[in-house]
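Here is the structure we will look at.
In my numbering, the protein residues as written are 1 to 116.
Structure (structure tokens):
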């Protein structure tokens, strides 16, 4: 799938998959939302606004109040690609989120996921 197609995909279309992946492993919606808010700087009201307004990934990440300064410490593989090696800034942000959701689904403690 080319990057432009992913960038224009509604965030609300992918969000249920994040929830499903986490919930399969006994994690909850509140934890998924906490991870998203930590990474992007959104509060729950703003996150829900983006979900309800069908914002695409590009808009969702470009309007993020403050991308977390520790995001660059997120490393590892997502879909066989090292997130720290992704060169496109927007795609890297998407992959950072994918990686955090993976960590949540693998049972990692929320404090460690949030790099605190």
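Don't be surprised by glycine CBs; every beta carbon is placed ideally from N, CA and C. These figures come from a predicted structure and were not determined experimentally.
_Option in 23, 11, 35, 98 with minimal Cα separation from residue 62_ = Residue numbering aside, residue 62 sits at position 62 when the chain shown is read from its first letter. For the set 23, 11, 35, 98, the Cα lying nearest the Cα of residue 62 is the one of 11.
_contact_flag[the segment 45-63, the segment 100-111] where n(CB pairs < 8 Å) is 3 or more_ = Cβ pair count under 8 Å is below three, so no.
*Is the segment 18-34 touching the segment 101-108 in the sense that three or more CB pairs, one from each, lie closer than 8 Å?*
Segment contact: the segment 101-108 against the segment 18-34, three or more CB-CB distances shorter than 8 Å; contact assigned.
*When you compare each of 88, 27, 74 to residue 58 by their alpha carbons, which one comes out closest?*
By 1-based counting over the chain shown, the position of residue 58 is 58. Among 88, 27, 74, the Cα nearest to that of residue 58 is on 88.
*asked:* Can you tell me whether residue 97 is buried or exposed? The criterion is at least 16 other CB atoms within 10 Å of its CB, across all chains shown.
replied: Within the chain shown, numbered from 1, the residue matching residue 97 stands at position 97. The residue is buried, with at least 16 neighbouring Cβ atoms inside 10 Å.
*Compare the C-alpha of residue 5 against each of 41, 56, 35 and name the closest.*
Along the chain shown, read from residue 1 onward, the residue named residue 5 stands at position 5. It is 56 whose Cα lies nearest to the Cα of residue 5.
*Tell me, please, which residues DSSP counts as bridged to residue 77.*
For the purposes of this step, residue 77 is identified with residue 77 of the chain shown, where counting begins at 1. 82.
*Nearest CA to the CA of residue 68: which residue from 78, 76, 93?*
Mapped onto the chain shown, residue 68 falls at position 68. Relative to the Cα of residue 68, the nearest Cα in the group 78, 76, 93 belongs to 93.
*Does the Cβ-Cβ distance between residue 76 and residue 99 come in under 7 Å?*
Your numbering for residue 76 matches position 76 in the chain shown. Your numbering for residue 99 matches position 99 in the chain shown. Going by C-beta atoms, residue 76 is nearer than 7 Å to residue 99.
*Distance, Cα to Cα, residue 95 vs residue 40?*
The count along the chain shown starts at 1 and reaches residue 95 at position 95. The count along the chain shown starts at 1 and reaches residue 40 at position 40. Pairing residue 95 with residue 40, the inter-Cα distance amounts to about 13 Å.
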